[in-house]
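**Q** Next up is a structure, given as structure tokens.
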Amino acid sequence: MKPHPDSLPDFLSPDFSRRDLLRLGALAPLAFLAARAGLQSNGLQSAAYAAPLPSGPHTLPPLPYAYSALEPHIDALTMRTHHDRHHKIYVADLNKAIARHPELKDQSPQQLIQNLDKIPGDIRTTVKNTACGHINHSMFWQIMSPDGGGAPTGAIAGVINDNFESFDAFKTQFERAGLKRFGSGWVWLVKTKTGDFKIISTPNQGNPMLAEHGGAFPVMGNDVWEHAYYLKYKNKRGAYLKAWWNTVSWDAVNARLTMA
Ligand code: MN
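In this text, residue positions in the sequence shown follow this note's numbering: the first is 96, and each later residue adds one.
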């Protein structure tokens, strides 16, 4: 994969090693100070990465476009923080939990969350939160695109018109569900086990595929955690929900619909 134009060495990244510092040659002293300042200013980072982390079995998918690609709707700093820190930590914490029960290492995140009752009790909550966090964000990056926005196309256009009367009515209902979610969570369009299409909202990193949310298939979803919008939109979650439509890739949503 071609590196993103804005993927310069990130001194704050846990992947930024001593070897990277040496590679910078003449800049090394400066880089070292910057790295130290970065680590010191981020308690979460130093706590989460104090011990060596298992490198798998789960991996962070690369963002399929540049951090700045969804500007002005979602800003580059939000994308970088959201992908490189929030999503990365879900993957890291999931791997740490699986390392305690290596017999689970061949299960996909989806298999893990669909069989939560079979997960050992000491890691069950962690697996639920982190595997769902991993699945949710992997979908989220996929269904957005710099070429996104506009009216729905293809099969999803039919689903929306048949079940919600119009795209405008669908957007209104989806935004309202996202706005009404108290605290952190997600808003979804799901296909239920009985084949109905519904808008639902789940708290925290809940995913519709969890038994407690009916085991429905998430066709599309938007992240309404403050980390998804706060840097740009502050407390205006509604403005973020409206702007988000400009990023939605209906091609990607149609691809998911065929898996439902
Ligand atoms: Mn998120």
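A virtual CB, placed ideally from N, CA and C, is assigned to each residue, including glycine.
Can you tell me which residues form a DSSP beta bridge with Lys183?
**A** DSSP lists no partner for Lys183.
**Q** Measuring only the C-alpha atoms, how far is Arg351 from Met315?
**A** 8 Å
**Q** Using the Cβ count rule (16 or more neighbours within 10 Å means buried), how would you classify Pro98?
**A** For Pro98, the pLDDT reaches just 44, beneath the cut-off of 50, and the residue's location in the model is therefore unreliable, although a value from the coordinates is still provided. Counting of Cβ neighbours within 10 angstroms places Pro98 among the exposed residues, the total staying below 16.
**Q** What's the gap between the Cα of Arg114 and the Cα of Ile193?
**A** The predicted position of Arg114 is uncertain, since its pLDDT is 41 and thus under 50; a value taken from the coordinates is nonetheless stated next. Distance between the alpha carbons of Arg114 and Ile193: 29 Å.
**Q** Please report the straight-line C-alpha distance between Ser279 and Thr297, rounded to a whole angstrom.
**A** 9 Å
**Q** Can you check which of these residues, His153, Gln209, Lys191, His308, is closest to Asp217 by C-alpha distance?
**A** Lys191
**Q** Enumerate in chain order the residues of its own chain whose CB-to-CB distance from Thr248 is below 6 Å, with the five nearest sequence positions on each side excluded.
**A** Excluding residues within five positions, the ones whose Cβ falls inside 6 Å are Trp345.
**Q** For Gly120, count the other beta carbons within 10 Å of its own beta carbon; 16 or more makes it buried, fewer makes it exposed. Which is it?
**A** Note that Gly120 scores a pLDDT of 43, beneath 50, so its modelled location is shaky and nothing firm can be said.
**Q** Quick one: is Ala132 buried, meaning 16 or more other Cβ sit within 10 Å of its Cβ, or exposed?
**A** Interpretation of Ala132 is limited by its pLDDT of 41, a score under 50 that renders its predicted location unreliable; no figure is taken from the coordinates.
**Q** Does Pro298 come out as helix, strand or coil in the three-state DSSP assignment?
**A** Correct three-state label for Pro298: strand.
**Q** Of the choices Gln300, Thr353, Val222, whose alpha-carbon is the least far from that of Arg195?
**A** Val222
**Q** In the DSSP assignment, the beta strand (DSSP E) including Gly243 goes from what residue to what residue?
**A** No beta strand (DSSP E) holds Gly243; DSSP gives it neither H nor E.
**Q** How would you label Asp81, buried or exposed, when you count the other beta carbons within 10 angstroms and need 16 or more for buried?
**A** Nothing about residue 81 can be reported from this structure: the residues present for the chain run from 96 to 355 only.
**Q** Kindly examine the ligand MN and report whether one of its heavy atoms sits closer than 8 Å to the Cβ of Trp283.
**A** no
**Q** Please work out which residues of its chain come closer than 6 Å, Cβ to Cβ, to Pro215, disregarding the five sequence neighbours upstream and downstream, and give them in chain order.
**A** His196
**Q** Scan the region 255–324 and note each continuous beta strand (DSSP E) run of 3 residues or more that stays entirely inside, going in chain order.
**A** Segments of the beta strand (DSSP E) lying fully in the region 255–324: 280–286, 292–298, 312–318.
**Q** In the DSSP assignment, the alpha helix (DSSP H) including Ile218 goes from what residue to what residue?
**A** 216–237
**Q** Taking DSSP's pairing of strands, which residues face Val343 in a bridge?
**A** Met239
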